[in-house]
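Those protein sequence lines, which keep their order, are chains A and B.
End of the first sequence sits at 890 in my numbering; the numbers just go up one at a time, nothing left out.
End of the second sequence sits at 303 in my numbering; the numbers just go up one at a time, nothing left out.
Right, one structure below, let's go through it.
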Amino acid sequence: MGNARFSHIQRGSATHGLMIQMFHVGKSFAAHTPALEDITFRVEAGEFACLTGPSGAGKTTLLRLLYAAEWPDQGHIVVNGRNLTRLSRRRIPEFRRSIGIVFQDFKLLPTKTAFENVAFAQRVLAVPERIIRRRVAEVLTRVGIAHKKAALPQQLSGGEQQRVALARALVNEPTLILADEPTGNLDDVLAQEIMALLYEVNADGTTIFIATHDRKLVASTPGPILTLAHGHLQARQ
Amino acid sequence: MYFLREALRNFYRHRRINIVAIFVIATGMLLVSGVALAYVNFRNFAAYWGSQVQMVIYLRDDLTAERLEALRVALSQAPETASLAYTSKEQALQQLRVRLGDGADILEGLQANPLPASFTMTIRDEFRRPDLLREAVERYLQLPEIEDIDYGELWLERFHTLVWMLEVSVIGIGGIMGLAVMFIIATTVRLALYSRAEEIEVMRLVGATAGFIRMPFILEGILQGLLGTSLAIGLCYGLFAMLMTWLRPVGELFIDFSLCQFLPPLAMASMLLGGGLLGGLGSLFSLGRPHAAA
């Protein structure tokens, strides 16, 4: 029953290796000041890709385009088998449930416990409570925060909150995780721990697309590195 | 079940803002209850005064017992008749004597009884309209047995106009108040939701549908509406009971307090339903389209 409900999440695997594709994408928030201009790249399924560049380069805007929080002015975007430029607003929730998103400021529901925050991502899929309890416990254990499952976000440290956010992103077993500066609010040690978790998830076959301006993290990235500057894609290494 | 549990949890977690919302709703609904209470009691008094409307049908003196009986049967079967009472010439004189009291001496010199026999007819609710009564009177006056009819035409017309004016005023004031209350409730619910904008944004980002996000908020709004309206009805009852206690000793000489009543159960149920609906709709409209942004 549970597997049938999640069947649509696996659609990314039907794209034969392509997970993200941007094709001549442009985005402006004000006239004559483009946030992104003529962005073209692709990320294959299973890759650990890193988007880097200085603050204000357009990293967050690019990521918001990838989870359909913004629409491009020009070009096409395909993510996990869906053409986002043609995605109707009604289909956005379904699309977002097929991917995992991690934010710099964690974006946890402040009135829910760690367990409830992770469970929420399953509840929106109408997963039965019995399965939710088992699955959330598994994923909290995996990110090493099971002992804090009853804590509210404000009772957790930054690193612990990011683990919960990562557990929420992982709980529905997405084929793609988008992470916007996931270590931006953490010290070096915690940042390394979160990155280690992301590497581990990637090793299991999940595509990771991470935006960061942290040069040390970029240097340790195993996959392609995309560099943005002033809204232009400078290089793909 | 999940939505209800979430609504109750959220209600408890945001209890401060919810209490403020409940009090605002209660204040608005108290005004509506007051208008409804005034309307209900006015209707009671209007119905009572209306029931006093009666027609006195004066008869010719030369009627035989058979013709009198035939007329009695015809009048008692008329559609307007609620009840019919016969007063003979002798009874009429006796009643006048009682009414005159000490001045009854002036009747002593009378050679013959000048008062006519009459039927007193009380009128059924649906015929207590000046136009319908006028029509009935004209019909009865065609009968040769009837001399004259008195039904307080002028009083009835004035009373009818007064009832109409008061009903229009109450409905008008009630309507304006209802709209104002709706606006106040929607604004309060909207303010309560602003404090939770971040929570709603996170729900969107996790992929919750508009319906999934809205449902607990709508249930919470309904709960606010129900509690606010219950509080308003309770306060209104308290004020009504206090007013009755204070006014009864002074006002009993002028009005019949047994006619005063609190809101009937159907009115209270309608208000609760309306309050719940207002709270729910307030939440729904304040949330707008959860996927319009972010």
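Virtual Cβ for every residue (Gly too), placed ideally from N, Cα, C.
Cα separation between ALA667(A) and VAL732(A)?
-> Locating residue 667(A) in the first sequence gives position 14, counting from the first residue. Locating residue 732(A) in the first sequence gives position 79, counting from the first residue. Unreliable placement is indicated for ALA667(A), whose pLDDT of 39 sits below 50; no coordinate value is reported for it.
By the 10 Å Cβ neighbour count, where 16 or more other Cβ atoms means buried, how is THR263(B) classified, buried or exposed?
-> Within the second sequence, residue 263(B) is the residue found at index 254, counting from 1. Rather than Thr, the amino acid found at residue 263(B) in this sequence is Phe. Classification for PHE263(B): exposed.
Write down the C-beta distance between ARG81(B) and LEU93(B) rounded to the nearest angstrom, noting that I regard them as a contact closer than 8 Å.
-> Taking the first residue of the second sequence as position 1, residue 81(B) is located at position 72. Taking the first residue of the second sequence as position 1, residue 93(B) is located at position 84. Going by Cβ atoms, the distance from ARG81(B) to LEU93(B) rounds to 7 Å, so yes, they are a contact pair.
Kindly list the residues whose CB is nearer than 6 Å to the CB of ASN122(B), restricted to its own chain and excluding five residues on each side of it in sequence; keep chain order.
-> To locate residue 122(B), count along the second sequence from 1; it is residue 113. LYS98 and LEU102, listed in sequence order.
Anything in chain A within Cβ reach of GLU208(B), meaning under 8 Å, just list it in chain order.
-> Position 199 of the second sequence, counted from the start, is the residue given in the question as residue 208(B). Simply LEU762, PRO763 and THR764.
Proximal residues, the region 203-227 of chain B versus chain A, C-beta separation under 7 Å | GLU208, VAL211, LEU214, VAL215, GLY216, ALA217, THR218 and PHE221
Same chain, Cβ closer than 7 Å to LEU150(B), neighbours up to 5 away in sequence not counted = Along the second sequence, one-based indexing puts residue 150(B) at 141. If you ignore the 5 residues before and after LEU150(B), its C-beta comes within less than 7 Å of the C-beta of ILE158, all in its own chain and listed in chain order.
Assign GLN86(B) to one of three DSSP states: helix, strand, or coil.
-> Translated into positions along the second sequence, residue 86(B) becomes position 77. In this structure, GLN86(B) counts as coil in the three-state DSSP scheme.
Please confirm if the region 203-216 of chain B is in contact with the region 767-778 of chain A, defined as three or more CB-CB distances below 8 Å between the two stretches.
-> yes
Straight-line Cα distance separating THR880(A) from ALA872(A) = For the purposes of this step, residue 872(A) is taken as the residue at position 219 of the first sequence. For the purposes of this step, residue 880(A) is taken as the residue at position 227 of the first sequence. So the two alpha carbons sit approximately 12 Å from each other.
So GLY289(B) packs on GLY237(B), CB below 8 Å; how close in whole Å?
-> Here residue 289(B) refers to the residue found at position 280 when the second sequence is read from its first residue. Here residue 237(B) refers to the residue found at position 228 when the second sequence is read from its first residue. Not a contact, Cβ separation roughly 12 Å.
Between ILE785(A) and chain B, is there a C-beta pair that is closer than 8 Å?
-> What you label residue 785(A) is simply residue 132 of the first sequence in a count that begins at 1. Taking Cβ atoms only, chain B never reaches closer than 8 Å to ILE785(A), which makes this a no.
Min CB distance TYR48(B) to chain A below 8 Å = Mapped onto the second sequence, residue 48(B) falls at position 39. So, not an interface residue.
Limits of the alpha helix (DSSP H) - the one that LYS869(A) falls within = As a working mapping, residue 869(A) is identified with position 216 in the first sequence. Where LYS869(A) is concerned, the enclosing alpha helix (DSSP H) stretches over 868-872.
Verify whether the separation of the beta carbon atoms of ALA799(A) and LEU805(A) is less than 8 Å.
-> Counted from its first residue, the first sequence places residue 799(A) at position 146. Counted from its first residue, the first sequence places residue 805(A) at position 152. Result no, Cβ atoms of ALA799(A) and LEU805(A) do not sit closer than 8 Å.
Using the Cα positions of ALA822(A) and PRO707(A), report the straight-line distance between them to the nearest angstrom.
-> Reading the first sequence from its first residue, position 169 is the one you call residue 822(A). Reading the first sequence from its first residue, position 54 is the one you call residue 707(A). For ALA822(A) and PRO707(A), the distance between alpha carbons rounds to 26 Å.
LEU39(B) beta carbon less than 8 Å from that of ALA241(B) | Along the second sequence, one-based indexing puts residue 241(B) at 232. Along the second sequence, one-based indexing puts residue 39(B) at 30. Closer than 8 Å, so yes.
By the 10 Å Cβ neighbour count, where 16 or more other Cβ atoms means buried, how is MET251(B) classified, buried or exposed?
-> If you number the second sequence from 1, residue 251(B) lands on position 242. With a threshold of 16 other beta carbon atoms within 10 Å, MET251(B) falls short and is exposed.
DSSP three-state call for ILE193(B): helix, strand or coil?
-> Against the second sequence, residue 193(B) aligns to sequence position 184. If DSSP states are grouped into helix, strand and coil, ILE193(B) belongs with the helices.
Name the two residues that bound the continuous beta strand (DSSP E) containing LEU671(A).
-> Along the first sequence, one-based indexing puts residue 671(A) at 18. Element bounds for LEU671(A): 671-683.
So, LEU740(A) versus THR714(A), is the Cβ gap smaller than 8 Å?
-> For the purposes of this step, residue 740(A) is taken as the residue at position 87 of the first sequence. For the purposes of this step, residue 714(A) is taken as the residue at position 61 of the first sequence. For LEU740(A) and THR714(A), no; Cβs fall outside 8 Å.
Using a Cβ-Cβ cut-off of less than 9 Å, list which residues of the region 744-760 of chain A approach chain B; keep chain order.
-> ILE745, PRO746, GLU747, PHE748, ARG749, ARG750, SER751, ILE752, ILE754, PHE756 and LYS760
Distance, ALA818(A) Cα to LEU228(B) Cα | Indexing the second sequence from 1 puts residue 228(B) at position 219. Indexing the first sequence from 1 puts residue 818(A) at position 165. If you take the alpha carbons of LEU228(B) and ALA818(A), they lie about 28 Å apart.
Could you give the residue range of the beta strand (DSSP E) that holds LEU879(A)?
-> Position 226 of the first sequence holds residue 879(A). Where LEU879(A) is concerned, the enclosing beta strand (DSSP E) stretches over 878-882.
For the alpha helix (DSSP H) that contains ILE222(B), what are its first and last residues?
-> To locate residue 222(B), count along the second sequence from 1; it is residue 213. Start and end: 219-260.
Start-to-end residues for the beta strand (DSSP E) that takes in GLU156(B) = For the purposes of this step, residue 156(B) is identified with residue 147 of the second sequence, where counting begins at 1. Element bounds for GLU156(B): 155-159.
Interface residues of chain B facing ALA803(A) [CB-CB closer than 7 Å] | On the first sequence, position 150 is the one that residue 803(A) refers to. Simply none; closest approach about 15 Å.
Residue of GLU697(A), PRO687(A), LYS680(A) and THR686(A) minimising C-alpha distance to GLN674(A) | Locating residue 674(A) in the first sequence gives position 21, where the first residue counts as 1. The residue with the shortest Cα to Cα distance from GLN674(A) is GLU697(A).
Skipping 5 residues on each side, what residues in its chain have a beta carbon closer than 7 Å to that of GLY230(B)?
-> Mapped onto the second sequence, residue 230(B) falls at position 221. Once the five neighbours on either side are set aside, the close Cβ partners of GLY230(B) are VAL198, GLY288, GLY289, GLY291 and SER292.
Rounded separation between HIS883(A) and ILE222(B) - CA only = Here residue 883(A) corresponds to residue number 230 of the first sequence, with the count starting at 1. Here residue 222(B) corresponds to residue number 213 of the second sequence, with the count starting at 1. The alpha-carbon atoms of HIS883(A) and ILE222(B) are separated by roughly 36 Å.
The region 42-55 of chain B / the region 135-144 of chain B touching (three or more Cβ pairs under 8 Å) | Too few Cβ pairs lie closer than 8 Å, so no.
For GLU723(A), which beta-bridge partners are listed by DSSP?
-> In the first sequence, counting from the first residue as 1, residue 723(A) sits at position 70. Looking at the DSSP assignment, GLU723(A) forms no beta bridge with any residue, so it has no partner.
Among VAL29(B), LEU256(B), PHE192(B) and GLN61(B), nearest to TRP164(B) - alpha-carbon criterion = The count along the second sequence starts at 1 and reaches residue 164(B) at position 155. For TRP164(B), the nearest C-alpha among the options comes from GLN61(B).
State buried or exposed for THR254(B), treating a residue as buried only when at least 16 other CB atoms are found within 10 Å of its CB.
-> Counting from 1 along the second sequence, the entry for residue 254(B) is found at position 245. Exposed: under 16 other Cβ atoms inside 10 Å.
Specify, as a first and last residue, the run of the beta strand (DSSP E) that MET130(B) falls within.
-> For this step, residue 130(B) is matched to residue 121 along the second sequence. Its beta strand (DSSP E) spans residues 127-132.
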